[in-house]
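Chains as they are written, first to last, in the working numbering: chain A, 35 to 177; chain B, 709 to 1009; chain C, 1381 to 1577; chain D, 401 to 1265.
Cβ atoms here follow ideal geometry from the backbone N, Cα and C, with glycine treated the same way.
Keep in mind that this is a model prediction, so the values were computed, not measured.
Everything below concerns the one structure shown next.
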Amino acid sequence: MIAAWAPRLAHRLAVLWRSRRDGRASVPPAQAAIVEPPPLDEMDADGPPLLKVWLFGGLAPVAACRSFTVPLDAPTSLRSLMAMMVERFGPAFRELVMQDNGQIYGCCRLFLDGFPVEVDDIIDPARGPRNLELIVLTSSEGG
Amino acid sequence: MSSQRYDQLIADMRSDYRPQREWGEGKGILLVVGHFLVGVAGGTWVMSSLYHVTVGLAVAFVLGALGALVHLAFLGKPMRAFKMIRHFRTSWISRGFVGLSLFLVGSGGCLAIGFLGLGGPWLVLALCAQGLAAVGTVIIIGYMGFCYTASKGIPFWHSPLHPALYIAYAFRGGIAALLVISAATGVVPGDGLLQLWLGITVLVCLFFGLELYGAVTGGNQAARRSVHDILAGRLALLFYGGTLALGLLVPVLLIALPSAISATTMALIGLASAAGDFFVKLSTVRAGVYLPLRRIPQTAG
Amino acid sequence: MVIDLKRCIGCYGCQLSCKAEHGTPPGVFFARLLKHEEGKYPSVRQMFLPVLCNHCTDAPCVDVCPTEASHYCEGGIVDIDHDKCVGCRACMMACPYNNRYFNAERNWYFGDAGPTPYELARSARHDTGVVMKCNFCTPRLAEGKLPACVANCPTTARTFGDLDDPNSTVSRLIKDRGGFTLHPEAGTSPNVYYLAP
Amino acid sequence: MSLLKKKPAAAADDAWLASSCALCYGTCSILAHRVDGTVIKIEGNPDSVVGKGKLCGKGVSGIMTHYDPHRLTKPLKRTNPVKGIGVDPGWKEISWDEALDTVARELKRIRDEDPRKLTVMRTTTVTASRVPFQAFSAGFGTPNFSVAGGGLHCGNGAHLISGIMHASWSVVPDFEYCNYAVYFGASKGHSAGHASCSNMGLAADARARGMRMVVVDPMCNFAAAKATEWVPLRVGTDAALALAMCNVMVNELGIFDAPYLKAKTNGPYLIGPDQLYLRDPATKEPLVWDEKKGVALPYTAVPAEDMALEGNYQVDGVPCRPSFVILKEHLRKFTPEQAEKITTVPAADIRRLGGEFGREARVGSTIVIDGVTVPYRPVAAIAFRGAQGHMNSVYNFLAVDLLNQMVGAADVAGSCLGFNPASHGFPETGRLRYVPKAGPDGLMVTGMWMGYHYPYPIAEPRLPTNLGLQDLFVMGMTSPFLTSSDQEELWQTFSVPYRPEALLNFGCNIMMSVGTSQTVAESLKKYKFIASIDLYLTEFSDFCDIVLPDCDYLQSTDSRSNFPFIFNLPGGMGEWCWSIRQPADQPQGEQRRHSEVLLDLAERIGMTPDFNAALNASINLAPPYRLAPDRRYSWDEVCDAELKCNFGAERGLDWFKQHGVIKWPKKPEEVYWRAFEDVRVPIYWEFLKVAGDKIAAIAEPRGVSIPREYYEPLPDFLPCPSHQCEHKGFDYFAFYYRDIIHTNSFTMENPWLDEAARLDPYSYTVAIHKDTALSRGLAHGDVVDIETEGGRKVTGRLCLTEAIHPEGLGIAALAGHWGDGMPIAKGKGVFFNELLEVDWDHSSPVNQNLDLCVKVKVTKLGAKP
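See below:
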């Protein structure tokens, strides 16, 4: 069997069909875990950098506020941030963003300074004050 | 085009055998009337010449002129009719147009001279007018059948019998006209008229029967469909009522009457026979079915 | 022109791109698609047959036309000169492929709602009282384009070229694939060939 | 047709504008020729990959839809409060301000009370409406979004499984290299659908090259008409046939691609007696049996070739087997003889087809394309609308895809491809990059999707708050419960805390596209306020309070005609292509573009920041092109932002209006990504069993029984309600199919298409088998009554044909309009959906796809019309 699907490399990520590749990089490296957006300038620089969280769509009315700020003293994961929000804004907010098993809905999208971020990413406070946007998009589609 | 005609066109185009509706339906009926009148005119001119019925000549001229007018009315662009001279070499319609023109000019001239009683040099002119008329008559009697034969798109018409049939119709029409004229003027041109009429009618029936038989056995689906339409289809009423009953049965019955042939019966025979001719022409024209574009399997529904 | 019945899937693209190119009135189709079945269940096949004027080499429609309105153009294309046509419709009867249409009176696709701007723009050149037919899109050929039906065919089933030139694609297709014509027995030597499905 | 005597003097306005069609959701690229302000021709755009300069019949006929005098030109307000089928709404023309204020006031009230009370619906035909309407409903805050009939009838099965197994919206054979394609209820390249025009060309080239095409379909038209072999079968029994073919291939002939199954599927995962994965206690990763070490380890710790695919094992005393073994055992049940009884396809044919598919697959072979060696499996089994339009929607489609998975013919050269599942992005900016990646349990998560909840991983079922109950029935997408007869009962059963009050519709005509009009009418009467943006007054408009005149595609702008690429960009090798839509004509009367109307509405409701944020997220705009929250943008500006964001600052909307399209080459690693991405796909749907248990845990205590045979991990044949109808006299399976000349219920109003359909033998007629009809005294052209057991009835004209299964009754397209708003369409064709019940019993318990086949009785009304 010329092309066995079995991998040559031990590493899990390399479980590819064994096929002769002529030096062409197959897949660019996955995005780095930590996001490196440009810092924002208009926030005040004294004290710990602040993270301003903006809620859009159905989230704002449920949370009864458009935005709020969170001090960023240590690298915090977005998952913990979401957990804090759910616990702060109550069951109606939880119903929109979190599944019963604690997972965040795929259609709940987070944007840090305009760049999409995953729930598992971590915000590095060293990069100064930042803006986080949160919105729940439409899940169903068809046709 | 009214939505009703449009719906009919769509239904036609979807059917396996698409009937032709341009000649014979709507304004197209003028064409059949035109052909009928011109045919009778030719026949009447010939018969009148044979039996020296000058009134008949006049009637022939009138019928011919009327036929020409009706033809023009049928055309899409009547104003350009004069252009129909151009393609004499191959187009039967072109030849027909020339023939009809000659006939009208010739018969008109000859009648005019006769009517005005001019002598001397005019007689020579009358003679050549008569010659023109004769040529014109031959053409208008003969060309009509060939128009239909040239239509490769309609297999039912595309048979060699059509010209002969139309020539026979012309003569039958001529005799019918004479019968009507004689009834009207009380002058019985000669006793042989009815016998001649019978002979030609038999000839017509023979040709028509042959044509139908030819179409059925010719193996062409469209031709068979045309015959089906005439005998048992959409034209059955027209054919049986108009052609057979009116055009054949009535005259034959009248002839078979024990009492002598009175003027009125003669007129009736004439009119009935003419009507029969008209209806047979109409039904054959309307029965025209286009050649289907694909091999239709025999078991077609 | 050569039409490959193996490729044609009956999408009506030819019929409608032709209609869009010429703005032909209701019921008039310079190009048309016919659908029919052949065979008994379950070995049945659907046949898609696109038809148009075959531009025959000795066209009966040209012979019967009294005013020489139907004439041969350069390249063997058969066209109608609408200034000569008297509307006698003999040509419609003579064409064994019945690809000619009589434009009795001006009418529109939306009926009494009147003409659309498109129909006004396109039908300016259509006379009433005359016969209309396909002319292989002569105006497009003049601009070096292919006829509308050929250019638009999504399965490239239609090929257009010079049949007289033995090594043009059309000639080779006919030779290799055994091109056949419709109703050859009519003796009009048509110039649209079909390749078996 | 004579030449123009004098060439028109160089017309002042003579422009060819590159844009996109909208006669169906294929959105092929077009060139619109405008002379003196009038669009006189629409042709394909040869520069574009979408259509390659060609258009189908519908595309070129768009002009007559554009200039249709019956199009709406002014906003209308209802004066007659009574709503009903055929009840005259008493339309009064009003100004745009009054109309928008009315709508905004109503929506604002609802948004303040509970945004979920708004339902938003859009037609699938206009792809340009996806982003604006999805963003509007996200910004508004309602999860209740639907594509009505367009989604419900033809998507829930096809998209779900194409997404999970091929990371794409639907699947198509790799026409360039495929040698043997089996179509199950699909037409790909022979009728309508995604990338239909491009596929027509590709499919024709493939057929000319000699690709053999076997089409499994109850009717022989479109794909079946051009097939090398038509396999007629009883409607809705595709799963039985596909599984039998799998059985022949795997068990009788022993043909399967072990290396593929080990590396690319969850075949080696060990399954315990409870049908679930055995998991590593620490990492919770599914275990596989390492043959070399003779021990069970997490799949991440074992090289693929060492994973056991066969055999029985013990792990900590628990008996377990690789899932592939369970699949093989399961397939034994589907002998060709058994399948013959269900599908009426002769057993010999089934055995032959299974063998041919297996042998043609050339398991183990590779091919070099553009210098890259990729696996080569020149076979493809595809399905689409026909196969999955049944209760058994998921299993029918999954069974067909198993054929591909068994021999590794998935997203490799010549095989069954998704539509562009992987893209390495636009070279200069790296944007538009998406690649399938491994998700929970190593199973593939699609890189791109049309909605924003991906098909896998499955969401956690919970007590529903969506009107469509999609958060309980987590495999569903478009839901029937927005218009089902038992919706109130279900909402109460699951104590949904609110009821819908307002409906915003774009282009849908759900009175015809969903099911029997009576049921839909009842559900519409419950709404307090309905606003609709449409081209015409449709049967749906009879229930609207405000109707707004929309611009059509020749009067609008859009920046993403063929994106996401998984939807309608042609698959297979070639080039990536991005095209736009630009206006070729002015609006008529007071028509406005739906996107501008939404932006205006958002401003009046006061949700512009939310709408902009939703647009940013939907289009994935990156700084500096992100929309500022507080600014009111025009849709052209949004398009411009997206184009510059994707293709660089110099290639904005104006650049695209000039150049039409931008293209860049596809790489083999993108098109045949399966060999290059480390992802596995589930041939054993363990998560389905898990989901089933959870859903039952919620539903059954409330009295709704979940038929667990639909939630088994392996596909099975489960009969539709129509198969269980033994009622005497009801002896035909009625089904409906897409017509090549029509799109849904929309194009019957186009006079050219209507004219072509009237000439077509099948388009407006009821296709019935000749012999069976004649034996019942039915003749060609008879007008008949078609009646269901439930008393639903439609009339139609018969077309006796050999090209249909003896028990089949085929009706084309979505015709049978009765409203006056579309006079050309009125009374044309048969309204099939009138026969369909819309309720829990007639929709799939897994993905809510409506069952589209129904047993009917045919009685003669009168002789030929």
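Between which two residues does the alpha helix (DSSP H) harbouring residue i extend?
| i | result |
| --- | --- |
| W1055 of chain D | 1053-1059 |
| C720 of chain D | Unbroken run through C720 of chain D is the beta strand (DSSP E), 718-722; no alpha helix (DSSP H). |
| S765 of chain D | Counting along the chain, S765 of chain D falls outside any alpha helix (DSSP H), and DSSP gives it neither H nor E. |
| H466 of chain D | 462-466 |
Taking the straight line between their C-alpha atoms, what separation do you get for residue i and residue j?
| i | j | result |
| --- | --- | --- |
| D1171 of chain D | G1190 of chain D | 27 Å |
| D1438 of chain C | E175 of chain A | 60 Å |
| G804 of chain B | C855 of chain B | 9 Å |
| I963 of chain B | A953 of chain B | 14 Å |
| G490 of chain D | R478 of chain D | 6 Å |
| D1461 of chain C | D1507 of chain C | 11 Å |
| I875 of chain B | T1535 of chain C | 54 Å |
| G853 of chain B | T1165 of chain D | 42 Å |
| V1267 of chain D | P727 of chain B | In the structure as shown, chain D begins at 401 and stops at 1265. Residue 1267 of chain D is therefore absent and cannot be evaluated. |
| Y1084 of chain D | D690 of chain D | 19 Å |
| S723 of chain B | G786 of chain D | 30 Å |
| V993 of chain B | D1443 of chain C | 20 Å |
In its own chain, which residues sit with a C-beta less than 6 Å from the C-beta of residue i, not counting the 5 before and 5 after it?
| i | result |
| --- | --- |
| I157 of chain A | T110 |
| G666 of chain B | The structure shown has nothing for residue 666 of chain B, since chain B only spans 709 to 1009. |
| K483 of chain D | K925, F943 |
| L998 of chain D | P532, F536 |
| Q955 of chain D | P983, D985, P987 |
How would you list, in chain order, the residues of chain G whose beta-carbon sits under 8 Å from the beta-carbon of residue i?
| i | result |
| --- | --- |
| L552 of chain D | Any reference to chain G falls outside this structure, whose protein chains are A, B, C and D. |
Using a 10 Å radius around the Cβ and a threshold of 16 neighbouring Cβ atoms, would you call residue i buried or exposed?
| i | result |
| --- | --- |
| L106 of chain A | buried |
| N1247 of chain D | buried |
| M118 of chain A | exposed |
| P1527 of chain C | buried |
| H760 of chain B | exposed |
| N1571 of chain C | buried |
| Y1392 of chain C | buried |
| V96 of chain A | buried |
| C99 of chain A | exposed |
| P821 of chain D | buried |
| E70 of chain A | Below a pLDDT of 50, predicted positions are generally treated as unreliable, and E70 of chain A, at 34, falls in that range; no measurement from the model is reported. |
Hey, could you find the ends of the beta strand (DSSP E) residue i is sitting in?
| i | result |
| --- | --- |
| C1199 of chain D | 1193-1201 |
| L89 of chain A | 84-89 |
| N599 of chain D | Where N599 of chain D is concerned, there is no enclosing beta strand (DSSP E), although the alpha helix (DSSP H) it sits in stretches over 596-609. |
| T762 of chain B | No beta strand (DSSP E) holds T762 of chain B; the alpha helix (DSSP H) holding it covers 762-782. |
| V715 of chain D | 713-715 |
Using a threshold of 7 Å, is the CB atom of residue i nearer than that to any non-hydrogen atom of the ligand HEM?
| i | result |
| --- | --- |
| K1089 of chain D | The model on display carries no ligand, and the ligand HEM is accordingly not part of it. |
Excluding sequence positions up to five away, which residues of its chain have a Cβ less than 8 Å from the Cβ of residue i?
| i | result |
| --- | --- |
| P746 of chain D | E740 |
Q: Pull out every residue of the stretch 140-153 of chain A whose Cβ sits closer than 8 Å to any Cβ of chain D, in chain order.
A: G140, C141, R143, F145, D147, G148, F149, P150
(Q) Short of 9 Å Cβ to Cβ, which residues in the stretch 1145-1165 of chain D face chain B? (A) E1155, R1158, L1159, D1160, P1161
Q. Taking any Cβ of chain D, which residues in the stretch 712-736 of chain B have a Cβ under 8 Å from it, in chain order?
A. I718, M721, R722
Q. The stretch 1488-1508 of chain C: which residues have C-beta closer than 7 Å to a C-beta of chain B, in chain order?
A. G1491
Q: Output, in sequence order along the chain, the residues in the stretch 422-435 of chain D whose CB is closer than 8 Å to any CB in chain C.
A: V435
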